[in-house]
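Trainee: Below is a structure I'd like to ask you about.
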Amino acid sequence: MTEAFHLKEDAVESAVRAVIVRLTDFRNYAGLETELGAGLNVLAGENAQGKTNLLEALYLLASARLLRGQRDAEAIREGATAGRVEADLGPVDSTVAVQLQAGTRKRSFLNGYALPKASDILGRLPAVCISAEDLSLARGEPSDRRLFLDLELAALYPAYLRDLGVYKRALEHRNALLRHAAEAFVDEATFEPWEVQLGQHGANLRAARANYVGGLGGWAAQLHERLAPGEAIALTYSARDEADSAEALTAMLRTRRPDDVRRGSTSLGPHRDELAVVTGGRDVRLYGSQGQQRASTISIKLAALKLAEEQRGAPPLLLLDDVFSDLDAHRREALIELILGTAGQVVLTCTEASAAGRRVLDRARLFTVHAGTVTRQ
Numbered sequence: 085m086t087e088a089f090h091l092k093e094d095a096v097e098s099a100v101r102a103v104i105v106r107l108t109d110f111r112n113y114a115g116l117e118t119e120l121g122a123g124l125n126v127l128a129g130e131n132a133q134g135k136t137n138l139l140e141a142l143y144l145l146a147s148a149r150l151l152r153g154q155r156d157a158e159a160i161r162e163g164a165t166a167g168r169v170e171a172d173l174g175p176v177d178s179t180v181a182v183q184l185q186a187g188t189r190k191r192s193f194l195n196g197y198a199l200p201k202a203s204d205i206l207g208r209l210p211a212v213c214i215s216a217e218d219l220s221l222a223r224g225e226p227s228d229r230r231l232f233l234d235l236e237l238a239a240l241y242p243a244y245l246r247d248l249g250v251y252k253r254a255l256e257h258r259n260a261l262l263r264h265a266a267e268a269f270v271d272e273a274t275f276e277p278w279e280v281q282l283g284q285h286g287a288n289l290r291a292a293r294a295n296y297v298g299g300l301g302g303w304a305a306q307l308h309e310r311l312a313p314g315e316a317i318a319l320t321y322s323a324r325d326e327a328d329s330a331e332a333l334t335a336m337l338r339t340r341r342p343d344d345v346r347r348g349s350t351s352l353g354p355h356r357d358e359l360a361v362v363t364g365g366r367d368v369r370l371y372g373s374q375g376q377q378r379a380s381t382i383s384i385k386l387a388a389l390k391l392a393e394e395q396r397g398a399p400p401l402l403l404l405d406d407v408f409s410d411l412d413a414h415r416r417e418a419l420i421e422l423i424l425g426t427a428g429q430v431v432l433t434c435t436e437a438s439a440a441g442r443r444v445l446d447r448a449r450l451f452t453v454h455a456g457t458v459t460r461q
């Protein structure tokens with residue numbers, strides 16, 4: 085097994101079994117402290133009361149990103165200049181936090197100590213989230229699916245996060261040189277160190293992604309059969325070039341340089357690759373119905389949960405934001421079966437508690453959310 089596929093040393097140890105969440109000036113919460121149970125947790129309440137905001141706080145701790153793709157400052161409560169999300173994790177004694185500050189970059193903390201980069205929090209609170217925003221995984225642009233792969237892999241493998249960081253910096257430098265070269269002479273030797281880095285780290289990213297998609301596709305096919313019987317799903321990771329090694333990718337970048345100068349950007353590499361999702365033999369992005377796109381997204385996300393469970397030895401936290409509303413009766417029941425079968429911690433939001441179904445409610449902690457307050461029933 086290569087370095088890219090070694091887990092963080094504390095990853096398995098930090099598998100979530102209990103979470104005490106504290107929010108300060110985050111979205112519509114002036115202050116909140118609540119404990120989520122080790123199993124099923126249902127957050128019920130009308131729209132715009134704070135259900136998704138609480139779920140988003142957990143997602144922020146898991147991914148260092150906001151759920152709805154907004155600027156960080158927009159998640160700070162109106163009238164405040166900073167917001168904070170914090171959680172105590174069990175069974176190990178650790179605390180993770182993200183601080184949002186207007187006008188500056190967000191910061192991540194582990195046990196009170198600031199981490200070098202906000203993204204270093206990845207993997208501390210293992211989580212998989214399924215929300216309306218995730219439909220971009222099925223019907224969005226290739227960049228949406230690449231982002232999904234990057235987030236999942238970076239949370240599992242620290243070497244992947246390092247490769248991704250170096251690759252992005254090298255890409256920024258090469259693109260800046262390309263734009264400059266369109267207006268003035270730039271010595272070829274100036275490009276070479278960045279192209280070598282793009283080749284080396286780009287090849288590592290591709291190998292990790294291809295390996296991951298292989299496992300993801302196998303799980304997605306099994307899960308999709310339960311959500312949409314008779315409708316097969318297939319995942320394929322494909323590059324837009326033929327480079328099959330670090331040396332080949334570096335050589336192709338060198339060859340393509342004159343064309344890239346004219347276009348002002350780097351035209352090949354893993355930042356241009358695609359994860360294709362096919363259901364019933366057709367590209368779900370182009371030809372899938374909304375129901376097919378929804379089912380495909382859920383299957384892929386649950387497959388990511390299964391892969392993370394295999395790697396960590398325990399299922400990650402599963403975040404479900406109003407997932408039942410767009411599903412027909414069969415798919416709703418099938419999803420409930422899959423949720424009950426995860427045997428891990430689940431946080432599920434819905435406008436009416438009854439939407440979760442009696443089988444879920446009988447096993448769940450039920451919370452009502454109203455105007456930024458959370459009350460356990």
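So the sequence shown is residues 85 to 461, counted in my numbering.
Idealized CB from N, CA, C, for every residue including glycine.
(1) Give the straight-line distance between the Cα atoms of A439 and T118, rounded to the nearest whole angstrom.
(2) Could you check what DSSP says for S322 in three-state terms: helix, strand or coil?
(3) Are D357 and R324 closer than 8 Å when you measure CB to CB?
(4) Out of P400, H414, A437, R258, point me to the one whose CA is closest to A146's CA.
(5) In the structure shown, what three-state DSSP assignment does A186 receive?
(6) Kindly list the residues whose CB is nearer than 6 Å to the CB of R310, restricted to its own chain and excluding five residues on each side of it in sequence; keep chain order.
(7) Tell me, please, which residues DSSP counts as bridged to F110.
(8) Could you tell me if E170 is buried or exposed, where buried requires 16 or more neighbouring beta carbons within 10 angstroms of its beta carbon?
(9) When the Cα atoms are used, what is the spatial distance from R378 to L391?
(10) Do S329 and A287 have their beta-carbon atoms positioned less than 8 Å apart in this structure?
(11) Give the range of the beta strand (DSSP E) segment to which L124 is assigned.
(12) Between A141, E162, R161, which has its C-alpha nearest R152's C-alpha?
(13) Identify which residue in T108, A122, L127, R106 has its Cα closest to the Cα of Q461.
(14) To which residues of the same chain is D156 closer than 6 Å at the C-beta, ignoring the five residues directly before and after it?
(15) Using alpha carbons as the reference points, say which of R106, T339, L386, Q154 lies closest to E276.
(16) Who pairs with T363 in a beta bridge, going by DSSP?
(17) Helix, strand or coil for F451, going by three-state DSSP, please let me know.
(18) Assess, as a yes-or-no matter, whether the segment 371-385 is touched by the segment 206-223 under the definition of 3 or more beta carbon pairs within less than 8 Å.
(19) Can you give the Cα-Cα distance for L402 and S349, rounded to whole angstroms?
(20) When you compare each of L194, L319, G353 to A335 by their alpha carbons, which one comes out closest?
(21) Let me check one thing: in DSSP terms, what residues is E170 bridge-paired to?
(22) Mind checking whether N137 and R111 have CB atoms under 8 Å apart?
(23) How far does the beta strand (DSSP E) with I214 in it extend, from its first residue to its last?
(24) Starting from the Cα of L424, find the closest Cα among T320, T435, D446, A437 and give me that residue.
(25) Does DSSP classify L404 as helix, strand or coil?
(26) Straight-line CA distance for T179 to D247?
(27) Mind checking whether A186 and T165 have CB atoms under 8 Å apart?
(28) Can you have a look at F269 and say buried or exposed, based on whether 16 or more other CB atoms are within 10 angstroms of its CB?
(29) Please check the pair Q133 and H414, which I expect to be a contact at CB under 8 Å, by giving their CB distance rounded to whole angstroms.
(30) Given 8 Å as the limit, is there contact between the segment 233-245 and the segment 193-209, that is, 3 or more CB pairs closer than that?
(31) Going by DSSP in three states, G441 sits in which element: helix, strand or coil?
(32) From the DSSP secondary-structure annotation, give me the bridge partner or partners of R460.
(33) Which residues does DSSP list as the beta-bridge partners of E119?
(34) Compare the Cα-Cα distances from L194 to each of K201, A181, A312 and report the closest residue.
(35) Looking at the structure shown, is R208 part of a helix, part of a strand, or coil, going by DSSP?
(36) Determine the DSSP secondary structure at S349, reduced to helix, strand or coil.
Mentor: Well, looking at it:
(1) Locating residue 439 in the sequence shown gives position 355, where the first residue counts as 1. Locating residue 118 in the sequence shown gives position 34, where the first residue counts as 1. Cα to Cα, A439 sits roughly 23 Å from T118.
(2) Sequence index remark: in the sequence shown, residue 322 carries index 238 (1-based). Strand at S322.
(3) As a first step, residue 357 must be located in the sequence shown, where it is residue number 273. As a first step, residue 324 must be located in the sequence shown, where it is residue number 240. Yes.
(4) Taking the first residue of the sequence shown as position 1, residue 146 is located at position 62. Here the closest residue by C-alpha is P400.
(5) For this step, residue 186 is matched to residue 102 along the sequence shown. If DSSP states are grouped into helix, strand and coil, A186 belongs with coil.
(6) Within the sequence shown, numbered from 1, the residue matching residue 310 stands at position 226. Beyond the five residues adjoining it in sequence on each side, R310 comes within less than 6 Å, by CB distance, of A418 in the same chain, given in chain order.
(7) By 1-based counting over the sequence shown, the position of residue 110 is 26. Answer by DSSP bridge pairing, in chain order: Y113, I160.
(8) Working through the sequence shown from its first residue, we reach residue 170 at position 86. E170 should be labelled buried.
(9) For the purposes of this step, residue 378 is taken as the residue at position 294 of the sequence shown. For the purposes of this step, residue 391 is taken as the residue at position 307 of the sequence shown. One C-alpha to the other measures close to 20 Å.
(10) Start at 1 with the first residue of the sequence shown, and residue 287 comes out as number 203. Start at 1 with the first residue of the sequence shown, and residue 329 comes out as number 245. Going by C-beta atoms, A287 is nearer than 8 Å to S329.
(11) Position 40 of the sequence shown, counting from 1, holds the residue named residue 124. Start and end: 124-128.
(12) The residue labelled residue 152 in the question sits at position 68 within the sequence shown. Selected option, being the one with the closest Cα: A141.
(13) Position 377 of the sequence shown holds residue 461. Nearest C-alpha to Q461: L127.
(14) For the purposes of this step, residue 156 is taken as the residue at position 72 of the sequence shown. L184, K190.
(15) Translated into the one-based positions of the sequence shown, residue 276 becomes position 192. Nearest option by C-alpha distance: T339.
(16) Residue numbering aside, residue 363 sits at position 279 when the sequence shown is read from its first letter. Beta-bridge pairing links T363 to I317, R366.
(17) Start at 1 with the first residue of the sequence shown, and residue 451 comes out as number 367. Looking at F451 - three-state DSSP - the assignment turns out to be strand.
(18) Remark: three or more beta-carbon pairs, one from each stretch, lie closer than 8 Å, so the segment 206-223 and the segment 371-385 are flagged as touching.
(19) The sequence position of residue 402 within the sequence shown is 318, counting from 1. The sequence position of residue 349 within the sequence shown is 265, counting from 1. About 38 Å.
(20) Your numbering for residue 335 matches position 251 in the sequence shown. Taking only the C-alpha atoms, the option nearest A335 is G353.
(21) Position 86 of the sequence shown, counted from the first residue, corresponds to residue 170. For E170, which the question treats as bridged, DSSP gives the partners R106, A181.
(22) Taking the first residue of the sequence shown as 1, we reach residue 137 at position 53. Taking the first residue of the sequence shown as 1, we reach residue 111 at position 27. Against a cut-off of 8 Å, the Cβ pair of R111 and N137 comes out as a contact.
(23) Within the sequence shown, the letter at position 130 stands for residue 214. Looking at the DSSP string, the run of the beta strand (DSSP E) that includes I214 is 211-214.
(24) Walking along the sequence shown from the start, residue 424 turns up at place 340. Answer by Cα proximity: D446.
(25) Sequence index remark: in the sequence shown, residue 404 carries index 320 (1-based). L404: strand per DSSP, three-state reduction.
(26) Locating residue 179 in the sequence shown gives position 95, where the first residue counts as 1. Locating residue 247 in the sequence shown gives position 163, where the first residue counts as 1. Whole-angstrom Cα-Cα distance: 27 Å.
(27) By one-based count along the sequence shown, residue 186 stands at place 102. By one-based count along the sequence shown, residue 165 stands at place 81. Taking a C-beta distance under 8 Å as the contact criterion, A186 and T165 qualify as a contact pair.
(28) In the sequence shown, counting from the first residue as 1, residue 269 sits at position 185. With fewer than 16 other Cβ atoms within 10 Å, it is exposed.
(29) As a position in the sequence shown, residue 133 is number 49, starting the count at 1. As a position in the sequence shown, residue 414 is number 330, starting the count at 1. Here Q133 is actually not in contact with H414; their C-beta atoms are around 30 Å apart, not less than 8 Å.
(30) yes
(31) The residue given as residue 441 occupies position 357 in the sequence shown. Of the three classes helix, strand and coil, the one that applies to G441 here is coil, per DSSP.
(32) What you label residue 460 is simply residue 376 of the sequence shown in a count that begins at 1. BP columns for R460 point to F451.
(33) As a working mapping, residue 119 is identified with position 35 in the sequence shown. Answer is I104.
(34) Taking the sequence shown and counting its residues from 1, one reaches residue 194 at position 110. Closest by alpha carbon: A181.
(35) Here residue 208 is taken as the residue at index 124 of the sequence shown, counted from 1. DSSP, read as helix, strand or coil, puts R208 in coil.
(36) Numbered from 1 along the sequence shown, position 265 holds the residue referred to as residue 349. Coil, per DSSP.
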